[in-house]
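Using the numbering used here, you'd call the opening residue of the sequence shown number 1 and step up by one each time. Take a look at the structure below.
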Amino acid sequence: FGSRYFSTHINADKVKAMFNIEMIGTESKWGANAAYITGYDKTDMGNILQKNLEGKSFHFYPDPYPAQHLFYRSDNATLARLGVPAHTISTAKMDAEPNYHKVSDEVSSLDLENMTAIIKAIAISAQSIISGVDTPTRVNVDDLN
């Protein structure tokens with residue numbers, strides 16, 4: 001409910017981008033040094049992030065699980081519906097996560113080294129957005145489900 005509350009108490013036109021980092025405790029389907037971005041095609045934010053990683057071993061991919069509608073199922077969705085370039089970055093293998101929503105989802109099951117690499121890649125790739133050099137295109141709210 002926090003993201004819904006937040007989205008009703010801000011001027012969405014002033015929000016340049018929103019990064020939602022979720023379920024990055026395991027390697028992605030592409031292995032280490034990779035994550036996916038939900039709604040990749042809804043803005044150019046993914047392209048900006050990937051451009052800023054040129055020469056690095058990390059890679060961002062479009063969401064490989066479009067049938068699961070992940071773009072609409074996380075905290076980014078309320079802001080995206082207001083036109084904010086708001087995306088979730090994740091590594092969850094939605095078709096094969098053994099601990100997803102289970103009591104076995106403990107700290108010991110997390111790949112902390114990979115999580116650190118993902119967070120560092122996000123920090124590096126986001127620099128041009130944070131500094132105001134790049135501004136992602138807005139979400140076309142008329143195209144949303």
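Backbone N, C-alpha and C define an ideal beta-carbon position, used for all residues, glycine too.
Supposed contact pair residue j and residue i - C-beta distance, whole angstroms, cut 8 Å
i, j, result
"residue 39", "residue 60", "Not quite, the Cβ-Cβ distance comes to about 12 Å (not below 8 Å), so this is no contact."
"residue 111", "residue 43", "28 Å between Cβ atoms; not a contact."
"residue 124", "residue 53", "7 Å"
"residue 76", "residue 18", "6 Å"
"residue 144", "residue 80", "7 Å"
Exposure of residue i, with buried meaning 16 or more beta-carbon neighbours within 10 Å
i, result
"residue 99", "exposed"
"residue 120", "exposed"
"residue 57", "exposed"
"residue 5", "exposed"
"residue 150", "What is shown of the chain runs 1 to 145, which leaves residue 150 out entirely."
"residue 11", "exposed"
"residue 96", "exposed"
"residue 137", "exposed"
"residue 88", "buried"
Collapsed DSSP secondary structure at residue i in the structure displayed
i, result
"residue 78", "helix"
"residue 114", "helix"
"residue 67", "helix"
"residue 28", "strand"
Residue j beta carbon less than 7 Å from that of residue i
i, j, result
"residue 133", "residue 84", "no"
"residue 140", "residue 74", "no"
"residue 35", "residue 118", "yes"
"residue 29", "residue 93", "yes"
"residue 91", "residue 24", "yes"
The ligand ATP heavy atom lying under 6 Å from the CB of residue i
i, result
"residue 52", "The ligand ATP is not part of the structure shown, which contains no ligands of any sort."
Does the stretch 28 to 44 come into contact with the stretch 61 to 75, if we say contact requires no fewer than three beta-carbon pairs (one atom in each stretch) closer than 8 Å? yes
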